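For what it's worth, my numbering labels the leading residue of the sequence shown as 35, then goes sequentially.
Idealized CB from N, CA, C, for every residue including glycine.
In this text the structure is predicted, and so the values were computed from the model without any measurement.
Okay, so here's the structure we're looking at.
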Amino acid sequence: MSEIHSMEPIPNPLREQPDFAVPPDIAAEIDELITHYPKKRSASLMLLHAVQERFGYVSRQAVEWIAAKLELQPINVYELVTFYPMFHRAPLGKYHFKICRTLSCALGGSYKLHEHFCTKLGLDPHAHGAQTTKDGKFTVEFVECLAACGTAPVMMCNDAFHEDVSEQRADEILGGCK
């Protein structure tokens, strides 16, 4: 029979304070947001949006911080980050190219457009998810419908919307990124 030498609990790194700091102004905004919901858990999406807006993405530490703030397990927050495509788990480039891949755009050439951007920027056109160049300047990703099916293929560069994007037009957009 083995002897137990210590009755100390085994440390759980997910229960320890995450290495993530939120500035006081954002922390106050988050505390105020939580009060708008009958249950803390209901504020999950709003907290994720607030953190991403401030930091540009939602890190593992941010997920743990939000979970602790809402008295949830980290998986309860992580499942939202991985389900909703508007949340990013890594920093994005200064220029974020979002290329629509739904049916109208796919038929209009969005897969060739995505491949064109990836090839120009040295990224893998077959990789899944957002890809960022080594210098951190550009991110390319497929997204779901950008709501301009009649002018496919469509894309966005940051907040600028572009319709009927040919490879030539893509090169012009890329060239305008300084």
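*State buried or exposed for His162, treating a residue as buried only when at least 16 other CB atoms are found within 10 Å of its CB.*
Taking the first residue of the sequence shown as position 1, residue 162 is located at position 128. It is exposed - the Cβ of His162 has fewer than 16 other Cβ atoms within 10 Å.
**Prompt:** Between Phe54 and Ser93, is the Cβ-Cβ spacing less than 8 Å?
**Reply:** Within the sequence shown, the letter at position 20 stands for residue 54. Within the sequence shown, the letter at position 59 stands for residue 93. The Cβ-Cβ distance between Phe54 and Ser93 falls below 8 Å.
Indicate the three-state DSSP secondary structure (helix, strand or coil) for Tyr129 in the structure shown. Taking the first residue of the sequence shown as 1, we reach residue 129 at position 95. Looking at Tyr129 - three-state DSSP - the assignment turns out to be strand.
Since Thr136 contacts Cys179 with CB under 8 Å, what's their CB separation in whole angstroms?
-> Working through the sequence shown from its first residue, we reach residue 136 at position 102. Working through the sequence shown from its first residue, we reach residue 179 at position 145. Contact between Thr136 and Cys179 holds: CB atoms are separated by about 4 Å, below the 8 Å threshold.
Within 8 Å, strictly: CB atoms of Phe176 and His148
One-based indexing of the sequence shown puts residue 176 at position 142. One-based indexing of the sequence shown puts residue 148 at position 114. Yes, these two residues count as a Cβ contact at 8 Å.
Practice task
Decide if Glu206 is buried, meaning its Cβ has at least 16 other Cβ atoms within 10 Å, or exposed.
Solution key: Sequence index remark: in the sequence shown, residue 206 carries index 172 (1-based). With fewer than 16 Cβ atoms within 10 Å of its Cβ, Glu206 is classed as exposed.
Exercise for the section: For the beta strand (DSSP E) holding Phe172, just list the boundary residues, first then last. Expected result: Indexing the sequence shown from 1 puts residue 172 at position 138. Looking at the DSSP string, the run of the beta strand (DSSP E) that includes Phe172 is Phe172 to Val177.
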